[in-house]
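Asks: In terms of the numbering used here, the sequence shown opens at residue 2 and continues consecutively.
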Amino acid sequence: MKYYYDLHLHSCLSPCGDMDMTPNNIVGLAKLLGLDVIALTDHNSSLNCEAAMKVGKANGLTVIPGMELTTSEDIHAVCLFPTLEKALDWNEYVTEHRIRISNKAEIYGRQVIMNEDDEEIGEVGELLLPASQISIMSAYKKAKEFGGICFPAHIDRDSLSILSVLGEIDESCGFRTAELTDISKLGALRKRHPILDTLNIITDSDAHYLENMRDAENFLELDELSAESVIRALDTKP
Ligand SMILES: [Zn+2]
Ligand SMILES: [Zn+2]
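1. Identify whether Pro24 lies in helix, strand or coil by the three-state DSSP scheme.
2. Name the DSSP bridge partner or partners of Tyr141?
3. Can you tell me which of the three DSSP states Tyr210 falls into?
4. Could you tell me how far apart the beta carbons of Asp19 and Tyr210 are, in whole angstroms, since I believe they sit closer than 8 Å?
5. Between which two residues does the beta strand (DSSP E) carrying Asp7 extend?
6. Can you tell me whether Arg99 is helix, strand or coil according to DSSP?
7. Would you report the Cα separation of Ile203 and Glu127, rounded to the nearest angstrom?
8. Say the cut is 7 Å; is the CB of Asp90 nearer than that to a heavy atom of ligand 2?
9. What separation, rounded to the nearest whole angstrom, lies between the Cα atoms of Arg99 and Pro66?
10. Contact between the stretch 224–233 and the stretch 80–90 is defined here as three or more beta-carbon pairs at a separation below 8 Å; is this criterion met?
11. Looking at ligand 2, does it come within less than 7 Å of Glu69, judged from the CB to the closest heavy atom?
12. How long is the line joining the alpha carbons of Cys174 and Tyr141, rounded to whole angstroms?
13. Is Thr42 near ligand 2, with its Cβ less than 7 Å from a heavy atom?
14. Mapping DSSP to helix, strand and coil, what is Val56?
15. On a Cα-Cα basis, can you pick out the residue from Val166, Ile156, Ile39 that is closest to Thr178?
16. Looking only at DSSP bridge pairs, what is Asn201 linked to?
17. Determine the contact status of His9 and Ala59, defining contact as a CB-CB distance below 8 Å.
18. Excluding sequence positions up to five away, which residues of its chain have a Cβ less than 6 Å from the Cβ of Asp7?
19. Tell me whether Asp207, by its Cβ, gets closer than 7 Å to a heavy atom of ligand 1.
As structure tokens, then:
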């Protein structure tokens with residue numbers, strides 16, 4: 002069956018994420034847009050996944066717990082996990098392996114943790130954007146140790162992407178999937194990077210604002226819908 006997805010969304014926990022990106026607003030709009038499955042992927046944190054998953058469950062939307070990791074090379078990579086527990090273990094690991102500097106909320110924005118009623122229950126004091134110590138070469142293998150998957154984010158963008166930083170997706174990274182924001186760039190990228198023919202290509206919105214979330218257009222063919230089945234599909238070479 003076809004299941005419509007958006008596997009890269011930010012909440013109010015990301016400093017650059019709008020405060021209107023609350024668990025209920027994200028899930029509510031995803032339903033209105035016709036999506037079947039979303040992933041919450043805040044920068045270097047998974048602490049709003051619990052609320053989003055609870056709201057998703059109450060509203061019949063599959064929410065995959067995730068994170069957008071900043072690697073040691075300043076490359077963004079999306080990590081997805083089969084359960085909240087695994088995502089929180091990963092969150093702890095990344096927290097121990099990232100630069101610990103204070104957030105200046107007035108400059109970078111607040112980093113708010115919410116419950117399933119969109120009430121603020123905390124705020125992360127350390128800036129979540131800076132690089133971690135996890136390299137792009139090890140990110141896939143590391144996420145897999147936690148039962149998850151990792152793939153390079155928005156590879157079509159001119160900054161903070163694997164192609165803009167390294168110029169190529171090296172096979173030894175182990176990736177099975179790559180993400181684009183603008184699918185119209187795929188043809189040109191394929192000519193320069195034949196490795197893309199060997200990867201699943203997905204398109205996500207990377208929305209930081211509600212108005213940047215997109216209509217359901219992109220789908221995965223799955224036997225059944227769950228975080229596990231999505232991860233399995235993205236971890237299987239096309
Ligand atoms: Zn990014
Ligand atoms: Zn992002």
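Ideal Cβ positions, reconstructed from N, Cα and C, are used throughout, including at glycine.
Replies: Considering the structure as presented:
1. On the sequence shown, residue 24 is found 23 positions in, with the first residue counted as 1. The answer is helix: DSSP assigns Pro24 an H, G or I state.
2. Here residue 141 corresponds to residue number 140 of the sequence shown, with the count starting at 1. Answer is none; Tyr141 lacks a bridge partner.
3. Here the question's residue 210 lines up with position 209 in the sequence shown. Tyr210: coil per DSSP, three-state reduction.
4. By 1-based counting over the sequence shown, the position of residue 19 is 18. By 1-based counting over the sequence shown, the position of residue 210 is 209. For Asp19 against Tyr210, the beta-carbon gap comes to about 5 Å, under 8 Å, which counts as contact.
5. The residue labelled residue 7 in the question sits at position 6 within the sequence shown. Run containing Asp7: 3–10, per the beta strand (DSSP E) assignment.
6. Along the sequence shown, read from residue 1 onward, the residue named residue 99 stands at position 98. Judged by DSSP in its simplified three-state form, Arg99 adopts strand.
7. Residue 203 sits at position 202 when you count from the first residue of the sequence shown. Residue 127 sits at position 126 when you count from the first residue of the sequence shown. In this structure, the straight-line span from the alpha carbon of Ile203 to that of Glu127 is close to 31 Å.
8. Here residue 90 corresponds to residue number 89 of the sequence shown, with the count starting at 1. Not under cutoff, so the answer is no.
9. For this step, residue 99 is matched to residue 98 along the sequence shown. For this step, residue 66 is matched to residue 65 along the sequence shown. Cα to Cα, the separation comes out at about 20 Å.
10. The count of Cβ pairs closer than 8 Å, one atom from the stretch 224–233 and one from the stretch 80–90, reaches three, so the stretches are in contact.
11. Start at 1 with the first residue of the sequence shown, and residue 69 comes out as number 68. Yes, the Cβ of Glu69 comes within 7 Å of a heavy atom of ligand 2.
12. Walking along the sequence shown from the start, residue 174 turns up at place 173. Walking along the sequence shown from the start, residue 141 turns up at place 140. One C-alpha to the other measures close to 7 Å.
13. Numbered from 1 along the sequence shown, position 41 holds the residue referred to as residue 42. Yes, Cβ of Thr42 sits closer than 7 Å to a heavy atom of ligand 2.
14. In the sequence shown, residue 56 corresponds to position 55, counting from 1. In the structure shown, Val56 sits in a helix (DSSP, three-state: H, G or I).
15. Within the sequence shown, numbered from 1, the residue matching residue 178 stands at position 177. Selected option, being the one with the closest Cα: Ile156.
16. Residue numbering aside, residue 201 sits at position 200 when the sequence shown is read from its first letter. Bridge partners of Asn201: Thr178.
17. For the purposes of this step, residue 9 is taken as the residue at position 8 of the sequence shown. For the purposes of this step, residue 59 is taken as the residue at position 58 of the sequence shown. No, the Cβ-Cβ distance between His9 and Ala59 is not below 8 Å.
18. Counted from its first residue, the sequence shown places residue 7 at position 6. The residues are Leu36, Ile39, Asp205, Ser206.
19. Counting from 1 along the sequence shown, the entry for residue 207 is found at position 206. Flag set: Cβ of Asp207 near ligand 1.
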